[in-house]
Amino acid sequence: MKILVIDSDCDLVEMLVSWLKTLGYKVYWAYTCEQAKSEWLEQQPDLVIVDPVLKGVDILGMCEDLRTKHDTLVLVITEGKNVQDEIRCLESGVDDYLRKPFFPSQLLARIRAVSRRARSTLERRPSSVLTVGPVCIDSLHNEARIRGKTVHLTPTESKLLHLLAMNANDVCTANQIVTHVWGYDGDGDTCLVKAHIRHLRQKVELDPSNPHSILTVTGVGYTLIRPKEEQQKVKEIGRPVRVG
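Taking numbering that gives the first Met the number 0, the leading residue of the sequence shown gets 0, the next gets one more, and so forth.
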């Protein structure tokens, strides 16, 4: 697995690069925006670990732009303690978020979780295409078609939307979503789920502020609505939440 570390903190970068190499990862690094762009496009990493604070640079915007050229998983590490900062990061489409300071074991757990998520997405067969109402999810290619329009999904968004589609009209709790999509205990990660749900709505809803497909069940979780005309074609009624 190839990892690119982007941070202006030279000491932290050197520590992370050295440590990740001992674990068998192939690691590249960048201290500036220009270095980051060059390494991203030249090395085509599987995962980018990035601090969004680089002087005079919208690093999250840069990541969004570079993902259109080479899509990869993005893990944000930051000293930001403001919940709005975390939400902003997640709403930009990054796959996970970890606050500094952190233990190496925490970072390694996140790396392994996003790696599993990427592998499971790639291993899905074309038959995993699911359609619920106007939304057709193609998990193999990380995209969705809504009313004839194709939109790109990150691996995280793809897995989340696939989970909701598998359980259309059933409620998936925030903990169930985090456990299935991110691969770790979901306690306390409601912001993580809310941000990705909001980002998905921006892609699949005609009016994200007034959603008709992905609905919030207050105090419980989220559900993808199957239209009444489709419900009659579904034989399984009241089935449990599935995560396969």
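Ideal placement from N, C-alpha and C gives every residue a C-beta, glycine not left out.
Since the structure is predicted, the reported quantities are computational estimates derived from the model, not experimental observations.
| query | result |
| --- | --- |
| Cross-strand partners of Leu129 (DSSP beta bridge) | Ile136 |
| Burial state of Met14, where buried means 16 or more other Cβ atoms lie within 10 Å | exposed |
| Leu74 versus Thr67, Glu85, Lys68, Lys80, residue with shortest Cα-Cα distance | Glu85 |
| Sequence-distant residues of its chain with Cβ nearer than 6 Å to His161 (five each side left out) | Ile136, Ser138 |
| As assigned by DSSP and simplified to three states, the class of Asp57 | strand |
| Member of Ser157, Leu40, Phe101, Val170 whose CA lies at the smallest distance from the CA of Trp181 | Ser157 |
| Bridge-paired residues (DSSP) for Arg144 | Cys135, Thr149 |
| Among Asn141, Ala143, Pro133, Asp8, the one whose alpha carbon lies nearest that of Thr77 | Asp8 |
| Of the residues Gly23, Lys20, Asp94, Thr67, the one placed nearest Gln43, counting alpha carbons only | Thr67 |
| For Leu205 and Arg144, the rounded distance between their alpha carbons | 13 Å |
| Leu46, enclosing beta strand (DSSP E) - first and last residue | 46 to 49 |
| Pro103 classed as buried or exposed, judged by whether at least 16 other C-beta atoms fall within 10 angstroms | exposed |
| Glu90 versus Ser17, Ile48, Lys202, residue with shortest Cα-Cα distance | Lys202 |
| Whole-angstrom distance between Lys20 and Lys193, CA atom to CA atom | 34 Å |
| Residue of Asp64, Lys80, Val4 minimising C-alpha distance to Val49 | Val4 |
| Leu40 versus Val219 - alpha carbon distance | 41 Å |
| Cβ-based burial, Leu22 [other Cβ within 10 Å; buried from 16] | exposed |
| Spatial neighbours of Arg225 in its chain, beta-carbon cut-off 8 Å, leaving aside the 5 residues before and after | Val131, Gly132, Ala167, Asn168, Val233 |
| Same chain only: Cβ atoms within 7 Å of Tyr24, ignoring 5 sequence neighbours per side | Met0, Ile2 |
| Inter-residue spacing [alpha-carbon to alpha-carbon] between Thr31 and Asp6 | 7 Å |
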